[in-house]
Amino acid sequence: MSEQIQESVSVATGETLVEINDLKTYYDDGAILDSNPVKAVDGVNFDIKRGETLGLVGESGCGKTTLGRTLIQLEDATDGEVLFDGTDVTELSGTELKNWRRNSQMVFQDPESSLNDRMTVGEIIREPLDVHAWNTPQERRERVRELLDVVGLRPEHYYRYPHQFSGGQRQRIGIARALALEPEFVVLDEPVSALDVSVQAQILNLLEDLQDEFGLTYLFIAHDLSVVRHICDRVAVMYLGHVMELGDSEELFDNPKNPYTHSLLSAIPEPDPTANKERITLRGTPPSPRDPPKGCPFTTRCPMKIRPEKYQNMDADLWVAIEVFREVLRERARAEKTLTEIAKEKLGMDTRFSSIGEIRTELFAELDVPSEVREHIDTAATYVANNEEAKAREYLGEEFGSICDSETPAHHVVSDTGRASTCHRHLAEYDEPDEFTPYTER
Amino acid sequence: MSGVNDDADASLVERIRETPQPAMRWLAGALALFVLEAGAVVNAVTGLFGSPVDIPTLLSRDVIPNNGYQTPAGVWEETFLGLSAGQAWAFRVVLIYLYAFIVAWWVWRGYLVFRKHYRHADWTPRDDMVDRLRGHRWGQFGAIIVFMFVVMALFAPALGPTTVERTISDPYSYHVEYYEDGELQNTTVGQANLGSRSQGNPDRNVGPMQYDDFGRFHPFGTIPSGKDMFTFMAAGARVSLFIGLVSIGISGFIAAAFALLTAYYKGLVDLVVVITGDSIMSLPRLLFVMLLSVVLGGSWISSIYNGGFLLALIFAGTGWPFLWRSVRGPAFQVAEQEWIDAAKSFGQKPRVTMQKHMAPYILGYLLVYASMSLGGIIVAVAGLSFLGLGISPPTPEWGRAIDMGQAYVTTSSWHISFIPGVMIVLVVTAFNALGDGIRDAVDPQSEGGDTSTEATAGTGGGA
Numbered sequence: 135m136s137e138q139i140q141e142s143v144s145v146a147t148g149e150t151l152v153e154i155n156d157l158k159t160y161y162d163d164g165a166i167l168d169s170n171p172v173k174a175v176d177g178v179n180f181d182i183k184r185g186e187t188l189g190l191v192g193e194s195g196c197g198k199t200t201l202g203r204t205l206i207q208l209e210d211a212t213d214g215e216v217l218f219d220g221t222d223v224t225e226l227s228g229t230e231l232k233n234w235r236r237n238s239q240m241v242f243q244d245p246e247s248s249l250n251d252r253m254t255v256g257e258i259i260r261e262p263l264d265v266h267a268w269n270t271p272q273e274r275r276e277r278v279r280e281l282l283d284v285v286g287l288r289p290e291h292y293y294r295y296p297h298q299f300s301g302g303q304r305q306r307i308g309i310a311r312a313l314a315l316e317p318e319f320v321v322l323d324e325p326v327s328a329l330d331v332s333v334q335a336q337i338l339n340l341l342e343d344l345q346d347e348f349g350l351t352y353l354f355i356a357h358d359l360s361v362v363r364h365i366c367d368r369v370a371v372m373y374l375g376h377v378m379e380l381g382d383s384e385e386l387f388d389n390p391k392n393p394y395t396h397s398l399l400s401a402i403p404e405p406d407p408t409a410n411k412e413r414i415t416l417r418g419t420p421p422s423p424r425d426p427p428k429g430c431p432f433t434t435r436c437p438m439k440i441r442p443e444k445y446q447n448m449d450a451d452l453w454v455a456i457e458v459f460r461e462v463l464r465e466r467a468r469a470e471k472t473l474t475e476i477a478k479e480k481l482g483m484d485t486r487f488s489s490i491g492e493i494r495t496e497l498f499a500e501l502d503v504p505s506e507v508r509e510h511i512d513t514a515a516t517y518v519a520n521n522e523e524a525k526a527r528e529y530l531g532e533e534f535g536s537i538c539d540s541e542t543p544a545h546h547v548v549s550d551t552g553r554a555s556t557c558h559r560h561l562a563e564y565d566e567p568d569e570f571t572p573y574t575e576r
Numbered sequence: 386m387s388g389v390n391d392d393a394d395a396s397l398v399e400r401i402r403e404t405p406q407p408a409m410r411w412l413a414g415a416l417a418l419f420v421l422e423a424g425a426v427v428n429a430v431t432g433l434f435g436s437p438v439d440i441p442t443l444l445s446r447d448v449i450p451n452n453g454y455q456t457p458a459g460v461w462e463e464t465f466l467g468l469s470a471g472q473a474w475a476f477r478v479v480l481i482y483l484y485a486f487i488v489a490w491w492v493w494r495g496y497l498v499f500r501k502h503y504r505h506a507d508w509t510p511r512d513d514m515v516d517r518l519r520g521h522r523w524g525q526f527g528a529i530i531v532f533m534f535v536v537m538a539l540f541a542p543a544l545g546p547t548t549v550e551r552t553i554s555d556p557y558s559y560h561v562e563y564y565e566d567g568e569l570q571n572t573t574v575g576q577a578n579l580g581s582r583s584q585g586n587p588d589r590n591v592g593p594m595q596y597d598d599f600g601r602f603h604p605f606g607t608i609p610s611g612k613d614m615f616t617f618m619a620a621g622a623r624v625s626l627f628i629g630l631v632s633i634g635i636s637g638f639i640a641a642a643f644a645l646l647t648a649y650y651k652g653l654v655d656l657v658v659v660i661t662g663d664s665i666m667s668l669p670r671l672l673f674v675m676l677l678s679v680v681l682g683g684s685w686i687s688s689i690y691n692g693g694f695l696l697a698l699i700f701a702g703t704g705w706p707f708l709w710r711s712v713r714g715p716a717f718q719v720a721e722q723e724w725i726d727a728a729k730s731f732g733q734k735p736r737v738t739m740q741k742h743m744a745p746y747i748l749g750y751l752l753v754y755a756s757m758s759l760g761g762i763i764v765a766v767a768g769l770s771f772l773g774l775g776i777s778p779p780t781p782e783w784g785r786a787i788d789m790g791q792a793y794v795t796t797s798s799w800h801i802s803f804i805p806g807v808m809i810v811l812v813v814t815a816f817n818a819l820g821d822g823i824r825d826a827v828d829p830q831s832e833g834g835d836t837s838t839e840a841t842a843g844t845g846g847g848a
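In order, the protein sequence lines correspond to chains A and B.
Take 135 as the starting number for the first sequence in our numbering and just add one per residue.
Take 386 as the starting number for the second sequence in our numbering and just add one per residue.
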């Protein structure tokens, strides 16, 4: 039976199946005035080749799940296009959309939540077939039994309920459901992250076998980097709604080009305790996706951020203090002030925002600050004290800022295999990220 | 594939054909039980299309009559087997309840037979709920009282010592025979009722389990106009149950539909329903219900079922936001489940998604709150009738009985208010107990959970 299915699938690996052009997905919380949407996916470009497994990694909240959901039209794209075999699926609706849905399915993260507990396993796997009126009911039942067999369950599980299965088995049921309509493209949204480690390997092997058998194309969303390295042909690294680096999986893991990939990979624990590995700890948390930084999205935390020429040799701690100082001002501008707080501020009373003097003392008191730098900081602090925060930020930006703060970096091709990385350091005039020692490491 | 799997796909009929014995046995029993009461069903069905056809049924007053007279020698004439009027009546009541409980037990057996012999799945999540309910004594107490109440409503004509038509609506067209001064007398029921009034005076009172001067047995005594109160109560149970079920049915349907729609689509739809629901909830309900029943009292709807249908509509219209509020949360919770996304991802229709993937999860909660508010509605209808706003006289209704007996509470005719009052308390408590049982069966984690919501649901009527 499976041979028949195999014949009907023609796989020409290498040809583009999905083309994503400048895709944006914003969540608008429906405020009538002053709408400031969450920019979950903010301008993403890449292709997915037929028959490959493309990994999508990043910290939680970076927009990788939203991107996956947008690709199978569970979310509406705000802008941009998703070309599936040349058709823009973001424009589809009605019957066309329903017919297209047969081609792309999703395996969900949580096997507890992705199966309706009140339906039998057979009904669950059969539902997509029923929706698309696939053949006769008798054939549908046979197809379900076939699928149960394919994913490693037994045909007599048809009339069991999901409660009677373990997490790994439930995930197999979810996979069977996704495969019922013989899709070409499957989004795997962290399919093993909720499972025991021993079961993870089984499911990953099953997914690989199924890919070979049916010629599937996978988008594999994960935060477990070792899993990604194991299963993916190419990997895209996402940060704050942007793809920072995309390239061949082995190459990217062995020799990351982008500063963010560097930091991310340095977080993989090394099984060898004697190995001397430099670890880059990122400062702070990612900025709010409602208000991403201008310029490079990673600029607020980048350990390799480009500095103005004259501050090249500044003390690492002092530079961090200055960066934090700027970030605090940025956060303050974003923080919502209540009417009382605005009034208090106008009257010169104390608000919950601590005074600029305190912040300065906290940041710089224990550091050896050169007079020239001190002057700049004092000027900025004076602006803030006079309630001219915008001016203070602008002043600091001019003095300590660089191209990273002002311009969005372009995609640079960084290897022969066509790996792309998004960083200003790939420009000719700066040191390449992988040749550059992070300031904190010096 | 092998033959085993083909069998597994067989329909229920085919599976019964394969092993017919258990099903046949059950069916034979069911048929036998049905034949006993087939006449009543034929009568009710033909009654819808004109003059009802009368076929004798076992549990009717024709087969076991209790209307007769006692000769001076103490012998009862025209009653069943010459038993006294009270004994004949009691015999009939016991038989009816026996029959009802046997039917209920047989239906339960039918479910067990299906579960054991014919169901594909050897276990379903519902089995656990049923098993939890089987061990829930408080819920079972509620279920039994509720069942008895429903049987009282269903079999009202056969349960009463006399009928509504004979004693309440048309008493001067029927006659009673009785012995007085050694002679068999004949008078109209209306005339006899004048002699069996309960008006607080020991000389003029027919209390519970007493005979009046005309040899008529009154299990609950009589009301001030001399009519039999048990007949009145049985007929009133029908009215209460009708209003309760119709209004809960309508408001439950509205609540479920809105909860599913708002949870699925969210956004603007939700906002509109929240505003509408909250506006209705913010009205003082009892006053609003009274206002509506006065304003609409003259319209054509108020003539359907003696104003009962209008009351049901009013309670449904003002009651759905309470039910909707209680299932909105569960509906939103289930809408967040990934299987809803999965259904969307293969193009399932929103209507089917709501029906198949969301509705089963809120139905249990709906049942809990519906059974709890049903008690509230019964109280409220009684309250309105007590105030003279509900069911129009002379239709029997429990609240009206309390109203009629109000002046006699401290006298020897205390039974007129007391018995309906106790029965209302009992029925409302039973509905709440049943709701508790269902809740614990559906959602075992909530056991002993917050009792404040129950209290609000129970007093939904506020009367």
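Where a beta carbon is used, it is the ideal one built from N, C-alpha and C, also for glycine.
These numbers were taken from a predicted model, which means no experiment stands behind them.
Check: Where does residue 434 of chain B land, buried or exposed, given buried means 16+ other C-beta within 10 angstroms?
Finding: Taking a 10 Å sphere around the C-beta of residue 434 of chain B, we find fewer than 16 other C-beta atoms and assign the residue as exposed.
Check: For residue 373 of chain A and chain B, any beta-carbon pair shorter than 8 Å?
Finding: Output row for residue 373 of chain A: interface = no.
Note to self: Let's test the definition: count the other Cβ atoms within 10 Å of the Cβ of residue 466 of chain B and tell me whether it reaches 16, buried, or not, exposed.
What the structure shows: Exposed, by the Cβ-count rule.
Next item on the list: Tell me, please, which residues DSSP counts as bridged to residue 368 of chain A.
Entry: As a beta-bridge residue in DSSP terms, residue 368 of chain A pairs with A:188, A:382.
Note to self: Excluding the 5 residues flanking residue 715 of chain B on each side, which residues of the same chain have their C-beta closer than 7 Å to its C-beta?
What the structure shows: The beta carbon of residue 715 of chain B lies closer than 7 Å to those of 746, 747, 750 in the same chain, with the five residues before and after it left out.
Notebook entry, point to check: Using DSSP with H/G/I as helix, E/B as strand and the rest coil, what is residue 676 of chain B?
Noted result: It is helical.
Next item on the list: Return no unless some Cβ of chain A is closer than 8 Å to the Cβ of residue 729 of chain B.
Entry: Yes, its Cβ sits closer than 8 Å to a Cβ of chain A.
Margin query: Would residue 297 of chain A pass as an interface residue toward chain B - the criterion being a Cβ-Cβ separation below 8 Å?
Written below: Closer than 8 Å: yes.
Item checked: Counted within 10 angstroms of its Cβ, other Cβ atoms place residue 846 of chain B as buried (16 or more) or exposed -> Only weak support is given to the placement of residue 846 of chain B: the predicted model assigns it a pLDDT of 40, under 50, and the value that follows is read from those uncertain coordinates. Around the beta-carbon of residue 846 of chain B, 16 or more other beta-carbon atoms lie within 10 Å, marking it buried.
Note to self: Just to make sure I have the definition right: I need the residues of chain A whose C-beta is within less than 8 Å of the C-beta of residue 742 of chain B. Which are they?
What the structure shows: Ordered by position in chain A, the residues that pass the 8 Å Cβ test against residue 742 of chain B are 250.
Notebook entry, point to check: What residues from chain A crowd round residue 555 of chain B, counting only those whose CB sits closer than 8 Å?
Noted result: In chain order: nothing, as chain A lies at least about 52 Å away.
Note to self: Quick check on residue 261 of chain A - is its C-beta less than 8 Å from some C-beta in chain B?
What the structure shows: Yes, because at least one Cβ of chain B sits closer than 8 Å to the Cβ of residue 261 of chain A.
Next item on the list: Sort out for me which residues DSSP pairs residue 461 of chain B with in a bridge.
Entry: Partner(s): B:455.
Check: According to DSSP, is residue 662 of chain B helix, strand or coil?
Finding: Three-state DSSP puts residue 662 of chain B in a helix.
Item checked: Span of the alpha helix (DSSP H) around residue 263 of chain A -> Residue 263 of chain A -> alpha helix (DSSP H) spans 255-265.
Margin query: Between residue 723 of chain B and chain A, is the shortest Cβ-Cβ distance under 8 Å, so that the two count as touching?
Written below: Chain A, which has a Cβ nearer than 8 Å to the Cβ of residue 723 of chain B, makes this yes.
Notebook entry, point to check: Anyone know if the C-beta pair for residue 629 of chain B and residue 759 of chain B falls short of 8 Å?
Noted result: Contact flag set, yes.
Check: What residue from A:536, A:561, A:375, A:532 has the CA that sits closest to residue 546 of chain A's CA?
Finding: Measuring from the Cα of residue 546 of chain A, the nearest candidate turns out to be A:561.
Checklist line | Proximal residues to residue 399 of chain A (C-beta, below 6 Å), its chain only, five neighbours per side dropped | finding: In its chain, beyond the 5 residues on either side, 390 have a beta carbon closer than 6 Å to the beta carbon of residue 399 of chain A.
Margin query: What would DSSP say about residue 388 of chain A, mapped onto helix, strand or coil?
Written below: Three-state DSSP puts residue 388 of chain A in a helix.
Check: Hey, residue 611 of chain B and residue 585 of chain B are a contact pair by Cβ (cut 8 Å); roughly how many whole angstroms apart?
Finding: Between residue 585 of chain B and residue 611 of chain B the Cβ distance is about 13 Å, and since that is not below 8 Å, they are no contact.
Notebook entry, point to check: For residue 562 of chain B, which three-state DSSP category applies?
Noted result: Residue 562 of chain B sits in a strand when the DSSP states are folded into three classes.
Next item on the list: May I ask you to verify whether the segment 239-252 of chain A touches the segment 320-339 of chain A, counting CB pairs closer than 8 Å and requiring at least 3?
Entry: Three or more Cβ pairs drawn from the segment 239-252 of chain A and the segment 320-339 of chain A lie within less than 8 Å of each other, which places the two stretches in contact.
Note to self: Against chain B, with Cβ distances strictly below 8 Å, would residue 240 of chain A count as a contact?
What the structure shows: Put simply, the CB of residue 240 of chain A is near chain B, with a gap under 8 Å to one of its CB atoms.
Item checked: For residue 568 of chain B, the residue or residues it bridges with in DSSP -> Paired residues: B:565.
Check: Just curious, the alpha helix (DSSP H) that residue 729 of chain B is in, first and last residue?
Finding: It spans 723-730 - the alpha helix (DSSP H) in which residue 729 of chain B sits, taken as one unbroken run.
Note to self: Would residue 269 of chain A and residue 258 of chain A be called neighbours here (beta carbons separated by less than 8 Å)?
What the structure shows: No, these two residues do not count as a Cβ contact at 8 Å.
Checklist line | Span of the beta strand (DSSP E) around residue 502 of chain B | finding: Per DSSP, residue 502 of chain B lies in no beta strand (DSSP E) and is assigned neither H nor E.
Next item on the list: Could you tell me which chain A residues have their CB closer than 7 Å to the CB of residue 509 of chain B, listed as they occur along the chain?
Entry: Per Cβ cutoff of 7 Å: 295.
Notebook entry, point to check: Which residue from B:816, B:431, B:401, B:603 puts its Cα closest to that of residue 472 of chain B?
Noted result: Out of B:816, B:431, B:401, B:603, B:603 has the C-alpha closest to the C-alpha of residue 472 of chain B.
Check: Does the beta carbon of residue 788 of chain B sit closer than 8 Å to a beta carbon anywhere in chain A?
Finding: Interface residue (Cβ-Cβ distance to chain A less than 8 Å): residue 788 of chain B is not classified as such.
Margin query: Can you list, in chain order, the residues of its chain with a C-beta nearer than 6 Å to that of residue 563 of chain B? Leave out the 5 residues immediately preceding and following it.
Written below: Contacts found: 454, 570, 599, 600.
Next item on the list: Leaving out five residues on either side along the sequence, give the residues of the same chain with a beta carbon under 8 Å from the beta carbon of residue 773 of chain B.
Entry: Closer than 8 Å at Cβ, skipping near neighbours: 788.
Checklist line | Secondary structure of residue 198 of chain A, DSSP reduced to three states | finding: Here residue 198 of chain A sits in helix by DSSP.
Margin query: Under 9 Å, CB to CB, which of the residues in the segment 485-506 of chain B have a partner in chain A?
Written below: Residues 504, 505, 506.
Item checked: Close-in-space but distant-in-sequence residues of the same chain around residue 590 of chain B (CB under 6 Å, 5 per side omitted) -> Excluding sequence neighbours, residue 590 of chain B sits near 583, 797, 798.
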